[in-house]
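Residue numbers (my numbering), protein chains in the order written: chain W, 1 to 222; chain D, 223 to 444. In this text, a Cβ means the ideal position worked out from N, Cα and C, and glycines have one as well. Computed from a predicted structure; not experimentally measured. For reference, the structure is listed below as structure tokens.
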DNA sequence: TTCAGAATGTAACATTTGTTACACATCGAT
DNA sequence: ATCGATGTGTAACAAATGTTACATTCTGAA
């Protein structure tokens, strides 16, 4: 376990023994979870710090109509909802569900606070994590504020362009992307079709080829 | 100045003298600004902690087409962009402009870090502020994810309902609200008209009367 | 290989929102 | 009180997106 923790942003800069000492000064437990299990519901109080050790989690906002907007996926060794452990409104903002089997490290808030107080480097790391979360959410807002599907798609592609190539590797299905964009799947497909028609992109199975970078950029610059 | 700082979330729990001692151990300066002045552009690096002492600021995201989405207003004695001082992407997420004359306290990041290290209460306060920011942004995303103007309006009204009344006091013009919602002003006016037609609300000059709470809730629950 | 389930392309149509334009009301400064 | 700037109600029309439906292709497990 300490190998995993050592590579986590929270314990960055600490060696195995230091982590061991710190962790063993507080109460903690490991919880197993299985595929598709819901670990927390939106609105539930956040009482414990959680750090994903194995497996993959997904956070999605659920609207009142039952529809959902996938916000992000969480991979080890990241913390879960780090920005919701303190502050005035410590409630889960999303439904947290498992995409496969795995396990998480759980530390109650008071113990976690103690952990932070016990080592300045961990505290500093945590500060960076929380700030990073706020920045992630801020970018999410930037993204959601794009009005048209065309703009969202252009922004997405430009941000996922592989260095020095004209390729974007897709690790999402069109359906998955539509969820992230918060739009209907056929609507996204239509926009993709239009942009292929205009020779801006070529949509292949697992990747997208940018045929006309200038025009793609123009979508955001008009 | 210390009276103002004393009432700020950052120095909560400290008395004037303690604040005085802490502040005077680091470099700081006070900057005056005037109405409509732009204090920072979106994308600019955040190098300094800023705490609003007097006046009123506004943060707005500017999209590529020049349109804008007003994110929030900042009143004294709040910090400006507290969640963007640390972390991997410390750039202003919004254009920061003045809504009237005022002044801010400015502390360079290194000095601010020193300030945090010098007092555990201030550090703890800051942690709460940053978490609070992430939580604010998260709620913003919840809000933006509502699909229709009807839903946004219903959500807004239900969240601004004055305790134990059927009133919502408006401190925004319709135009201002349309900006916050990220929709066109006539579109919002149309939706308001429809909801008045249906006897759900009555829109008056500076307030809204809820006529049918059940139906208003039903908009989000359907 | 075969088959079922998932993902994709596409079309017709409905719904929502944006755009533009204009009349009118409101508010504050002179 | 008057004027101009700003906000508001409303309408007609355009544009974007959602909905539904169906055919086709892909994919992984038996």
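- The three-state secondary structure of residue 216 of chain W, taken from DSSP, is helix.
- Contacts between residue 61 of chain W and chain D, judged by CB atoms closer than 8 Å, involve 363, 364, 367 in chain order.
- In the DSSP assignment, residue 32 of chain W falls within the beta strand (DSSP E) that extends over 29 to 33.
- If you check each beta-carbon in the segment 81 to 107 of chain W against every beta-carbon of chain D, the ones closer than 9 Å belong to 82, 83, 84, 85, 86, 87, 88, 89, 90, 91, 93, 94.
- For the set D/269, D/433, D/295, D/323, the Cα lying nearest the Cα of residue 313 of chain D is the one of D/269.
- Between residue 105 of chain W and residue 5 of chain W, the C-beta gap is smaller than 9 Å, which places the two residues in contact.
- Between residue 273 of chain D and residue 301 of chain D, the C-beta spacing is below 9 Å.
- Any Cβ of chain D closer than 9 Å to the Cβ of residue 180 of chain W would place that residue at the interface, and such an atom is absent.
- Contact residues of the segment 344 to 355 of chain D toward chain W are 349, 350, 352, 353, 354, 355 (C-beta to C-beta distance below 7 Å).
- In the DSSP assignment, residue 234 of chain D falls outside any alpha helix (DSSP H) and carries neither an H nor an E.
- Around the C-beta of residue 25 of chain W, fewer than 16 other C-beta atoms lie within 10 Å, and the residue is accordingly described as exposed.
- In the three-state reduction of the DSSP assignment, residue 368 of chain D falls in the coil class, being assigned neither a helical nor a strand state.
- Residue 81 of chain W has its alpha-carbon roughly 27 Å from the corresponding atom of residue 157 of chain W.
- Listed along chain D is no residue with a C-beta nearer than 9 Å to that of residue 58 of chain W; the closest approach is about 16 Å.
- Beyond the five residues adjoining it in sequence on each side, residue 392 of chain D comes within less than 7 Å, by CB distance, of 428, 429, 430 in the same chain, given in chain order.
- As DSSP reads the structure, residue 316 of chain D sits in no beta bridge.
- Residue range 324 to 330 is occupied by the beta strand (DSSP E) that includes residue 330 of chain D.
- Within chain W, 134, 137, 138, 141 have C-beta atoms less than 7 Å from the C-beta of residue 359 of chain D, given in sequence order.
- Closer than 9 Å to the CB of residue 382 of chain D there is not a single CB belonging to chain W.
- Residue 202 of chain W is not a Cβ neighbour of residue 188 of chain W, given a cutoff of 9 Å.
- In the three-state reduction of the DSSP assignment, residue 201 of chain W falls in the strand class, which pools E and B.
- For the options W/127, W/143, W/168, W/72, the alpha carbon positioned closest to that of residue 309 of chain D is the one of W/127.
- Spatial neighbours of residue 59 of chain W in its own chain (CB-CB distance under 6 Å, excluding positions within 5 residues in sequence) are listed in chain order as 71, 72, 94, 96.
- Per the C-alpha coordinates, the member of W/13, W/154, W/191 positioned closest to residue 218 of chain W is W/154.
- At least 9 Å separates the CB of residue 189 of chain W from every CB of chain D.
- Boundaries of the alpha helix (DSSP H) around residue 177 of chain W: 174 to 181.
- The closest CA to that of residue 12 of chain W, considering only W/98, W/123, W/61, W/53, is found on W/123.
- Within the model, the alpha-carbon separation for residue 405 of chain D versus residue 390 of chain D is close to 20 Å.
- Nearest C-alpha to residue 388 of chain D among D/435, D/396, D/299, D/321: D/435.
- Interface annotation, residue 271 of chain D: not in contact with chain W, CB-CB separation never under 9 Å.
- Put simply, the CB of residue 40 of chain W is far from chain D, with every gap to its CB atoms at 9 Å or more.
- In the DSSP annotation of this structure, the continuous segment of the alpha helix (DSSP H) that includes residue 227 of chain D starts and ends at 224 to 228.
- With contacts defined by Cβ atoms closer than 9 Å, residue 56 of chain W and residue 75 of chain W form a contacting pair.
- In terms of Cα proximity to residue 53 of chain W, the closest of W/9, W/144, W/44, W/162 is W/9.
- Between residue 100 of chain W and residue 77 of chain W, the alpha-carbon positions lie close to 15 Å from each other.
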